[in-house]
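Student: Once you've had a glance at the structure underneath, I'll fire off some questions.
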Amino acid sequence: MVEIKDLGQHVGETVTVAGWVETTRSHGKVAFVVLRDGTGLAQCVLVKKQVSEATWEAHGLATQESAVSVTGEVRADDRAPGGYELGVTEMTVTGQAAEYPIQPKEHGVDFLLDHRHLWLRSSMQRSGLRVRAEVEQAIHDFFYGRGFVRIDTPILTGSIGEHAGTLFSTDYFGEKAYLAQTGQLYVEAACPAFRKVYCFGPTFRAEKSKTRRHLTEFWMVEPEVAFADSEDNMRLQEDFVSYLVERALERCPEELEILERDTSRIEHVKPPFPRISYTDAVTRLQAKGSEIQWGDDLGAGDEAVLTEDYDLPVFVANYPKEAKAFYMKENPEDTRTVLCDDLLAPEGYGEIIGGSQREDDLDRLLERIREEQLPEEAYSWYLDLRRYGTFPHSGFGLGVERTVAWITGRHHIRELIPFPRLMNRLFP
RNA sequence: UCCGGGGUAGCUCAGUUGGUUAGAGCAUCUGACUGUUAAUCAGAGGGUCGUGGGUUCGAGUCCCACCCCCGGAGCCA
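Heads up: the first sequence runs through residues 903 to 1330, numbered per my numbering.
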């Protein structure tokens, strides 16, 4: 059996391909079947006089998305999508499809999400998910190439990452367990073992967010580097994000074209990215008429205003302590703030990275845990990391779906994960 | 949780100041056609107008309550 992507190497030969019917067009004595096999599309041409009765009848049974097996001669033809077509000698329907719910036309989002298991077959969805897969591979390649060790962190966890209110809880043999909302604390623990580590997996947030940027289950990659400060951290981030964009451009040009992505918007994404401090950002926003006060976290509108001046992702660094998580290191140059950064993607895609230098001083970390009224016992093992050879270290988390949404130019991140979990959607 | 929009055929939608038997396109089925590109043409079947109540001679349309969906805010990646 031949894969459709290789048809060009078999011109003049008789081959067999198998796949699913995208559309059929019948004309009485000649019929066209467009076949998708997962590697490409091929137009199959049936001429009534030249095929058996069984094969001619098979085209009538080949309803949209039926699985079929087709044998025929490969020939080059400009009229065929892809440039090659199959002059059919034999076709059999191996899995006839019932009336297919998704038609080649506009559908509502709710309907499509109800049929996500079928929607995956559509060309835009195939393209978006293929870019996702490429970006995920690029993530591994980037870190592997730089000597990082991958650490798989637990999904079921007893300790808490950041804020208790946004955790999913579940019963764990009579005890309460939480679905991880970050692997960070665990990669910090692995840092003294391997120096440079990262985790990559699903994370869970029970936030009641209904926006195009939110999922309750999303994938995050979180590197952690020993002896790296906040500046080193941002340099790693811009190198990393640039590499992901470059890989998608290099290896998914067809997918980006199907997605109608204007690639000129991302082709120049290369280090360095602009950096502004939180304090400067507030001044700038106030000059533009924002009501924001120093100490407030940046709202979605503020982020949009800040990014509109750039066509690169923008770092906003050193937020007020109160707006950020307990584990971030105090900024020695302005103790109201912490050494951290958010990376805001252009074109309104929002925050794709949150990173920071970690607090490595035991007493200050303890103080912050108490200030935030977090359960101290649950963090005893995390505090041990400061007791036994504490060291400066930094890391960040990059949201895969938001990043891929930006790279592909898709409006909503739910299209960039195979089976999105949203506030009101647990099926399929 | 708050603000805004919406729910009519399998799907996407139209439906006038309340008025006879609720429409269109696509999909499905039947027929015609030897080169289509979301083929075209002719015909057919297909409806609990989100749910419950109310006003009215008469409600898809007006009123009340509830359910569900979408978008945004907050929160975050």
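Ideal Cβ positions, reconstructed from N, Cα and C, are used throughout, including at glycine.
The structure presented is a predicted model; accordingly, all values stated were derived computationally and were not measured.
#1: Measuring CB atoms only, is the segment 1260-1276 touching the segment 1307-1325, in the sense that at least three cross pairs come out at less than 8 Å?
#2: To which residues does DSSP link residue 1052 through a beta bridge?
#3: In the DSSP assignment, the alpha helix (DSSP H) including residue 1032 goes from what residue to what residue?
#4: Just to confirm before moving on: does the CB-CB distance between residue 1304 and residue 1255 stay below 7 Å?
#5: Taking only heavy atoms of the ligand PLP into account, decide whether any of them is closer than 6 Å to the Cβ of residue 1025.
#6: Out of curiosity, what's the CA-to-CA distance linking residue 1302 and residue 1121?
#7: Looking only at DSSP bridge pairs, what is residue 1079 linked to?
#8: Taking its Cβ as the centre, do 16 or more other Cβ atoms sit within 10 Å of residue 1125, making it buried, or is it exposed?
#9: Using a Cβ-Cβ cutoff of less than 6 Å, which residues in the same chain neighbour residue 991 once the five nearest sequence positions on both sides are dropped?
#10: Mark residue 1328 as exposed unless 16 or more other C-beta atoms lie within 10 angstroms of its C-beta, in which case mark it buried.
#11: Is it right to say residue 1308 is buried, meaning 16 or more other beta carbons lie within 10 angstroms of its own, or is it exposed?
#12: Tell me which residues share the same chain as residue 1160 and place their Cβ nearer than 6 Å to its Cβ, disregarding the 5 neighbours each side in the sequence.
#13: Which partner residues of residue 1299 appear in the DSSP bridge assignment?
#14: Using DSSP with H/G/I as helix, E/B as strand and the rest coil, what is residue 1250?
#15: In or out: residue 1193 buried (at least 16 other Cβ within 10 Å) or exposed?
#16: Starting from the Cα of residue 1010, find the closest Cα among 1000, 1001 and 1021 and give me that residue.
#17: On a Cα-Cα basis, can you pick out the residue from 1201, 1208, 1204 and 1199 that is closest to residue 1176?
#18: Who are residue 1059's beta bridge partners in DSSP?
#19: Tell me which residue opens and which closes the alpha helix (DSSP H) that residue 1284 is part of.
#20: Between the Cα of residue 929 and the Cα atoms of 915, 1191 and 962, which residue gives the shortest distance?
#21: Relative to the C-alpha of residue 1052, which residue among 1264, 1100, 1044 and 1093 is closest?
#22: Over what stretch of residues does the beta strand (DSSP E) that includes residue 1206 continue unbroken?
#23: Give me the residue from 969, 1252, 903 and 1164 with the minimum Cα distance to residue 1114.
#24: Going by CA-CA distance only, name the one from 967, 987 and 984 that's closest to residue 1001.
#25: Hey, out of 1132, 1241, 1217 and 1191, whose CA is closest to residue 1228's CA?
#26: On the criterion of 16 or more Cβ atoms from any shown chain inside 10 Å, does residue 1145 qualify as buried, or is it exposed?
#27: Sorted by chain position, which residues of the same chain lie with C-beta nearer than 7 Å to residue 1096's C-beta, five sequence neighbours on each side aside?
#28: Between residue 1196 and the rest of its own chain, which residues show a CB-CB distance below 6 Å, the 5 nearest in sequence each way excluded?
#29: Where does residue 1132 sit, in a helix, a strand or coil, going by DSSP?
#30: With the cut-off set at 7 Å, would you say residue 1083 and residue 1106 are in Cβ contact?
#31: If you draw a straight line from the alpha carbon of residue 948 to that of residue 1162, how long is it in whole angstroms?
#32: Where residue 1141 and residue 1297 are concerned, what is the direct C-alpha to C-alpha distance, given to the nearest angstrom?
#33: Anyone know if the C-beta pair for residue 1079 and residue 1068 falls short of 7 Å?
#34: Can the beta-carbon of residue 1135 be found less than 7 Å from the beta-carbon of residue 1257?
#35: Just the C-alpha distance for residue 1191 and residue 1204, rounded to the nearest angstrom, thanks.
#36: If you drop the 5 nearest sequence neighbours on each side, which residues of the same chain put their C-beta closer than 8 Å to that of residue 943?
Tutor: On the basis of the supplied data:
#1: Cβ pair count under 8 Å is below three, so no.
#2: Residue pairing for residue 1052: DSSP places it in a beta bridge opposite 1100.
#3: Start and end: 1025-1047.
#4: No, the pair does not count as a contact, with Cβ atoms beyond the cut-off.
#5: This structure lacks the ligand PLP, and indeed carries no ligand of any kind.
#6: If I take the Cα positions, the gap works out to 6 Å.
#7: Per DSSP, 1072.
#8: Buried is the call here.
#9: Answer for residue 991: 973 and 974, listed in chain order.
#10: Burial call: exposed.
#11: By the neighbour-count rule (16 or more Cβ atoms within 10 Å), residue 1308 is buried.
#12: Answer for residue 1160: 1025 and 1029, listed in chain order.
#13: DSSP output for residue 1299 lists 1256 as bridge partner(s).
#14: Coil, per DSSP.
#15: Per the 10 Å Cβ criterion, exposed.
#16: If we check each option's Cα against that of residue 1010, 1021 comes out closest.
#17: If we check each option's Cα against that of residue 1176, 1208 comes out closest.
#18: Paired residues: 1080.
#19: Counting along the chain, residue 1284 sits inside the alpha helix (DSSP H) bounded by residues 1282-1289.
#20: Out of 915, 1191 and 962, 962 has the C-alpha closest to the C-alpha of residue 929.
#21: Ranking the options by Cα distance to residue 1052, first place goes to 1100.
#22: For residue 1206, no beta strand (DSSP E) encloses it; the enclosing alpha helix (DSSP H) starts and ends at 1202-1209.
#23: In this structure, 1252 is the residue among 969, 1252, 903 and 1164 with its C-alpha nearest to the C-alpha of residue 1114.
#24: Residue 1001 has its Cα closest to that of 967, out of 967, 987 and 984.
#25: Looking at 1132, 1241, 1217 and 1191, the one whose alpha-carbon comes closest to that of residue 1228 is 1241.
#26: Per the 10 Å Cβ criterion, buried.
#27: Annotation for residue 1096: 1051 place their beta carbon closer than 7 Å to its own, counting only its chain and skipping 5 residues before and after.
#28: Scanning its chain for C-beta atoms nearer than 6 Å, with the 5 sequence neighbours on each side dropped, one finds around residue 1196 the residues 1184, in chain order.
#29: In the three-state reduction of the DSSP assignment, residue 1132 falls in the helix class.
#30: The answer is yes: Cβ separation under 7 Å.
#31: C-alpha of residue 948 to C-alpha of residue 1162: approximately 32 Å in a straight line.
#32: Approximately 14 Å, taken between the alpha carbons.
#33: Residue 1079 is not a Cβ neighbour of residue 1068, given a cutoff of 7 Å.
#34: Against a cut-off of 7 Å, the Cβ pair of residue 1257 and residue 1135 comes out as a contact.
#35: Their Cα atoms are separated by approximately 10 Å.
#36: Around residue 943: 906, 924, 936, 937, 983 and 984.
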